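Its first residue numbered 2, the sequence shown is counted upward by one per residue in my numbering. Data block below; observations after.
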Amino acid sequence: MIDSNITPTKGKVQGRFPIRPKHSIFNTELFFTERHTMQSISCDTLRRILDKEQEYALLDIREPGEYNLGHIARSTLLPRRDIEFRIRYLIPARDTLIILVGDGGKRELLTAATLEAGGYRKVKILEGGFPGWSKAGYATETGVNVPSKESGERVHSEFNVPEIEPADLRSRIDRGEPFLIFDARTPEEYARFCIPNGLNVPGGDLILWAEELKNNANIPVVINCAGRTRGIIGAQSLRRLGLTNVFALRNGTMGWLLAGFDLEREPKRNLAQPSEQSVSVAEKLASQVAEEEQIPFMSVLDLGDLLSRRERKTLYAMDVRSFEEYLCGHIPGFISVPGGQAVQRADDYVAVRTATIVFSCDRAARATMAAYWYRKMGFKNVFVLRGGIYAWVKHGRKLEIGDVQESTIGLERARSSVRCIGSSHAESLPTGKPDLLIVDVGLSRQYAEGHLPGAVWLSRDWIEERIPALYPERRQPILVTCPDGRQSALAGAALVEMGYSDVSVLEGGTQKLIERGRAIETGLTKPLIEPNDVVLSASMSGDKRAMRRYLDWEIELAGKTEKK
């Protein structure tokens, strides 16, 4: 376990927290002595804020493993190492009230310094962090993406979504009965394994197939995911569109394995595109749903106005088509969140629940279904772009091509403050120094897949804590790396600011070296802390006990929703 016995400050963690002034974005061990201060917020005050419909973002900046074991409901997981990369999308309006939740230690202070340097003016730190909240007796929850999974269980109960047991499905298939098995997971998940003969139709695309399925209504359709949520939501989506011969596979691929059946590994099937007729009918079906559910539409002109003001008023703009479609052209300011994932991981993409949310697709069908489910989850300011991307272009607006990266707070300054070694000059790596410390600050999973020989692993979350404690000599030669060179640049800059005088950063990261044939080590060989930065999906672990625990937890969410 990660050591939690870290003294956060000299004295009790409350009142106003000293941090680095605005000009410092990388932090040092001396930041506690600076005059500038950051306001804290008590657990009681936070409780009152959560009870009101006001604009705020509650960010849990701990590692995913910590968050998974317990967190405050309605908090968004944003590990400190991801702040610089994701904050501009998650909270574009700089005057938003941001409340940081950590473990009551330094990470909240370091994160607050980064946010203030990025122009955020209302940052507060929860006194005592999550441990203080829990100790005060306030409600907590476990797991990740809880709002979406909780909503799935509520849908399952409210609409009595029909399910089919794995054993029943297998028996009926063995008897030669026809079935269509639609796997609602992402293409990447499907490519690893699936129910035998399953076809990949990500959940957000199911509406495009509704007419095709109606024309073959005698063939039962089974929707599955890895566990429960996407299968339930997918099945109910089709039922909402008028199909009746539709079932969710109970407990998905995990339920299939637990029933003693084998999965098909690395399927190679590619499903053809739905017919033009089916796509056309999907638009009509979506229009009916929007009218019946009173889902509002937004015009191109109104969207353009909101996009121009998003630094003053938070706007979430999500393109729910496939990533490949997004790359071919999308509305500037929109991020790619295929519809099924937008519903499955709502809390990852919406940190300010009262903000305006706009969904877009080619026209309106897929965006309408995403908006439908967000409204079911309790989001109130949800809109569909009327006419979608076609309307945007028709109004003379331009599209962006490719994957557009949000600006990263402090990255360019970080790169300018450290010595960078180009990957094209691998021979210049100072690996010959006998006392050289190579620190890989990528994800532990990436480190295990391949790292420089002799490198230690440490999450960037803990650079300011662990490196000075383990390597106090400031003349220690250090080479910092990660897969793409971005996390390592920020980590290297932090080390320089802490007084380390011989710090190098591998420009472009280890991935560039691997592509050039550089020898690497694999495995989690030298972690400086126990990895807690990745929550391994039970469906990927192969551990049947973990699968049962996860499914039991998810099913128990149904009881939780009934008590609300």
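Positions of the beta carbon are idealized from the N, C-alpha and C atoms, including for glycine. Keep in mind it's a predicted model, so treat the numbers as computed, not measured.
(message) For a test of the three-state rule: what should DSSP assign to C329, helix, strand or coil?
(response) helix
(request) Inspect the beta-carbon positions of L60 and S41 and report whether they are closer than 8 Å. (result) no
(message) Need the endpoints of the beta strand (DSSP E) that A58 sits in, please.
(response) Y57 to D61
(message) Taking 8 Å as the limit between beta carbons, can you name the residues of its chain near T245, skipping five residues before and five after?
(response) A218
(request) Assign H331 to buried or exposed, taking buried as 16 or more other Cβ atoms, counted over all protein chains shown, within 10 Å of its Cβ. (result) buried
(request) Name the two residues that bound the continuous beta strand (DSSP E) containing D538. (result) Per the sequence presented here, residue 538 reads as Ser, with Asp not at that position. It is not in any beta strand (DSSP E) - S538 carries neither H nor E in the DSSP assignment.
(message) By DSSP's criteria, Q278 is part of a beta bridge. Which residues make up the other side?
(response) Answer by DSSP bridge pairing: none, since Q278 is not bridged.
(request) May I have the straight-line CA-CA distance separating T230 from A287, to the nearest angstrom? (result) 22 Å
(message) Please state the DSSP three-state secondary structure of H396.
(response) coil
(message) Measuring straight from C-alpha to C-alpha, what distance separates T409 and L400?
(response) 22 Å
(message) Below 8 Å on the Cβ atoms is my contact criterion, and I expect G205 with A371 to pass it. Report the Cβ-Cβ distance as a whole number of Å.
(response) 6 Å
(request) Return the chain-ordered ranges of every beta strand (DSSP E) run that is complete within the stretch 141-209 and spans a minimum of 3 residues. (result) 181-184
(request) Take every Cβ of the stretch 268-275, pair it with every Cβ of the stretch 356-368, and state whether three or more of those distances are shorter than 8 Å. (result) no
(request) Can you tell me which of the three DSSP states N69 falls into? (result) helix
(request) For Y139, name the three-state secondary structure that DSSP assigns. (result) coil
(message) Tell me which residues share the same chain as R346 and place their Cβ nearer than 7 Å to its Cβ, disregarding the 5 neighbours each side in the sequence.
(response) N146 and S149
(message) Here's the rule: buried if 16 or more other CB atoms are within 10 angstroms of the residue's CB, otherwise exposed. What is A58?
(response) buried
(request) Tell me, please, whether the stretch 495-509 touches the stretch 471-480 by the rule of three or more beta-carbon pairs shorter than 8 Å. (result) yes
(request) Scan the stretch 355-414 and note each continuous alpha helix (DSSP H) run of 4 residues or more that stays entirely inside, going in chain order. (result) 366-377 and 389-395
(request) Confirm, please, whether the CB-CB distance from I296 to V385 is below 8 Å. (result) yes
(message) Closest to L98 by C-alpha separation, out of R322, E178 and T355, would be which residue?
(response) T355
(request) Please confirm if the stretch 61-76 is in contact with the stretch 88-95, defined as three or more CB-CB distances below 8 Å between the two stretches. (result) no
(message) Applying the 10 Å Cβ sphere with the 16-neighbour rule, what's the burial state of D104?
(response) buried
(request) To the nearest angstrom, report how far apart T482 and F298 are at their CA atoms. (result) 46 Å
(message) Tell me the rounded alpha-carbon separation between S417 and L480.
(response) 16 Å
(request) Taking only the alpha-carbon atoms, compute the straight-line gap between P132 and E326 and give it to the nearest angstrom. (result) 44 Å
(message) Between which residues of its own chain and A291 is the CB-CB distance below 6 Å, once the five residues before and five after are set aside?
(response) T369
(request) Locate the beta strand (DSSP E) running through G423, then write down its first and last residues. (result) R420 to G423
(request) Would you list the residues sitting across from A318 in a DSSP beta bridge? (result) V359
(request) Reducing DSSP to helix, strand and coil, say where H24 ends up. (result) In this prediction, H24 has a pLDDT of 38, which is less than 50 and means its spatial position is unreliable; nothing more can be read from the coordinates.
(message) Does E555 come out as helix, strand or coil in the three-state DSSP assignment?
(response) helix
(request) Look at the Cβ atom of D184, then the Cβ atom of N201, and state whether they are nearer than 8 Å. (result) yes
(message) If I measure Cβ to Cβ from L507 and keep anything under 6 Å in the same chain, skipping five residues before and after, which residues do I get?
(response) I422 and T482
(request) Leaving aside the five residues before and after Y139 along the sequence, list all residues of the same chain whose C-beta is less than 8 Å from its C-beta, in chain order. (result) C44, R48 and I73
(message) Tell me the residue span of the alpha helix (DSSP H) that contains I233.
(response) T230 to R241
(request) Thinking L321 and R367 are a contact (beta carbons under 8 Å), I'd like their distance in whole angstroms, please. (result) The sequence given here places Val at residue 321; Leu does not occur at that position. Rounded, the Cβ-Cβ distance is 5 Å, consistent with contact.
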